[in-house]
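Peer 1:
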Amino acid sequence: MGYERDAVRMISLRLNEEEATLIKNCATSHNISVSDLFRQAVLEKIEDEYNLRRYEDAVKKHKADPKKYSLDDVERELGLKR
Numbered sequence: 000m001g002y003e004r005d006a007v008r009m010i011s012l013r014l015n016e017e018e019a020t021l022i023k024n025c026a027t028s029h030n031i032s033v034s035d036l037f038r039q040a041v042l043e044k045i046e047d048e049y050n051l052r053r054y055e056d057a058v059k060k061h062k063a064d065p066k067k068y069s070l071d072d073v074e075r076e077l078g079l080k081r
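When the letters of the sequence shown are read in order and numbered with numbering that gives the first Met the number 0, they come out as residues 0 to 81.
1) Using only alpha-carbon positions, find the residue among 62, 36, 7 and 9 that is nearest to residue 21.
2) Looking only at its own chain, which residues have a Cβ that is under 8 Å from the Cβ of residue 25, when we skip the five neighbours before and after it?
3) Tell me, to the nearest whole angstrom, how far the beta carbon of residue 33 is from that of residue 23; I am working on the premise that it is less than 8 Å.
4) For the putative contact between residue 74 and residue 67, defined by C-beta atoms under 8 Å, what is the C-beta separation to the nearest angstrom?
5) How many angstroms separate the CA atom of residue 28 from the CA atom of residue 10?
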């Protein structure tokens with residue numbers, strides 16, 4: 000019998016007592032489980048890093064070709080303004 004497609008995975012984490020208390024208190028204050036707190040925090044961190052890479056790539060691209068468009072130019076290009 001294989002794993003179900005949506006099987007839940009478990010990850011263990013070592014924390015000292017102070018860290019564990021801090022995390023538990025944070026989860027409690029947000030009325031969520033410690034698992035949900037970690038899941039949300041990790042996924043937000045991944046999203047932030049992804050967005051930062053996209054921003055850095057856009058800055059590099061802009062520096063290589065610093066062409067700018069005004070709102071009027073964009074509206075005309077999209078046929079929204081004549």
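Cβ coordinates follow ideal geometry from the N, Cα and C atoms, glycine included.
Peer 2: Quick look at the numbers:
1) 36
2) Excluding five sequence positions before and after residue 25, the CB atoms of its chain that fall closer than 8 Å to its own CB belong to 36, given in chain order.
3) 6 Å
4) Rounded, the Cβ-Cβ distance is 15 Å, inconsistent with contact.
5) 23 Å
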